[in-house]
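Structure first, then comments.
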Amino acid sequence: KQEVTQIPAALSVPEGENLVLNCSFTDSAIYNLQWFRQDPGKGLTSLLLIQSSQREQTSGRLNASLDKSSGRSTLYIAASQPGDSATYLCAVRFLTGGGNKLTFGTGTQLKVEL
Amino acid sequence: DTGVSQNPRHKITKRGQNVTFRCDPISEHNRLYWYRQTLGQGPEFLTYFQNEAQLEKSRLLSDRFSAERPKGSFSTLEIQRTEQGDSAMYLCASSLVRPARPLWEQYFGPGTRLTVT
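Residue numbers (the working numbering), protein chains in the order written: chain A, 88 to 201; chain B, 76 to 192.
So this is what it looks like as structure tokens:
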């Protein structure tokens, strides 16, 4: 079964700290991996998408890496701010089945405190 | 381009009633997806359309669920005889996929929160 796991489930850090969120997936045959942000009761905002041939993507203070062979991705957030508080979801598009859907992890709930 | 929109944003219904949700994708996006998200979980795939054709349905989509995309633009998701277990956030996403183009990112709407009492 193709699964996506995220650890930790929740994380609380002081403002200004750099942090890493982890995502692992059970099948290395993927099209791409996408990181999303979700605010309470809201929809999903796409943060970064990494194609299977790429090693990393960067957007502002965010950097996502991909190690397909080991089934891992990390989302690095630099200089965290209270506005970064949200749930971060990792989603994988697996090759099996044609890659027509995203398989999500359960998310990491981040709180950045003043 | 105003993004993916969903209506209503919230729906409260009594068990046994039918409900219908609407999703308007980003214009010219040919793929439309429905996901369901329960509290504390990631979204789970329900179904997707390529233009007006429904090409895949998850086992989560029981006989009480039906989705349509009649003209290849907006889509509706209907739940008949709602049950308390149907309470969830229903998310719609769209993407543009072309031959020889990598499967690109999905853009999500704000979701419809369903509460079945």
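No residue lacks a Cβ here, since even glycine has one placed at the ideal position from N, Cα and C. Please read these numbers as outputs of a predicted model, since none were measured by experiment.
Asked                                                                                                                                                                      : Found
With burial defined as no fewer than 16 other Cβ atoms inside 10 Å of the residue's Cβ, what is the status of A:V107: buried or exposed?                                   : exposed
Within the same chain, show all residues whose beta-carbon is closer than 6 Å to that of A:D114, passing over the 5 residues directly before and after it, in chain order. : Q89, F181
Alpha carbon to alpha carbon, how far is A:K198 from A:Q168? Give it in angstroms, no decimals.                                                                            : 9 Å
What does DSSP give as the partner residue(s) for B:F140 in the beta ladder?                                                                                               : B:I154
Please return the same chain residues whose Cβ sits closer than 8 Å to the Cβ of B:L107, not counting the five positions on each side in sequence.                         : C98, P100, Y123, F124, R144, S150, C167, A168, S169
Going along the region 116-131 of chain A in order, which residues come within less than 8 Å of chain B, judged by CB to CB distance?                                      : Y118, N119, Q121, F123, G128, K129, G130, L131
At the level of alpha carbons, what is the spacing between A:I164 and B:N93?                                                                                               : 43 Å
For the region 179-190 of chain B, which residues have a beta carbon sitting closer than 9 Å to at least one beta carbon of chain A?                                       : W179, E180, Q181, Y182, F183, G184, P185, G186, R188
Mind listing the chain A neighbours of B:Y123? Cutoff is C-beta to C-beta under 7 Å, in chain order.                                                                       : N187, K188
Counting contacts by CB-CB distance shorter than 8 Å, is A:S133 in contact with chain B?                                                                                   : yes
Using 8 Å for Cβ pairs, my map puts B:T190 next to B:Q81. What's the rounded Cβ distance?                                                                                  : The Cβ separation is near 16 Å, so there is no contact.
Is it buried or exposed for A:N119, if we count other Cβ within 10 angstroms and need 16 for buried?                                                                       : buried
If you measure beta-carbon to beta-carbon, which residues of the region 94-119 of chain B are closer than 9 Å to chain C?                                                  : The displayed structure is made up of protein chains A and B, and chain C is not among them.
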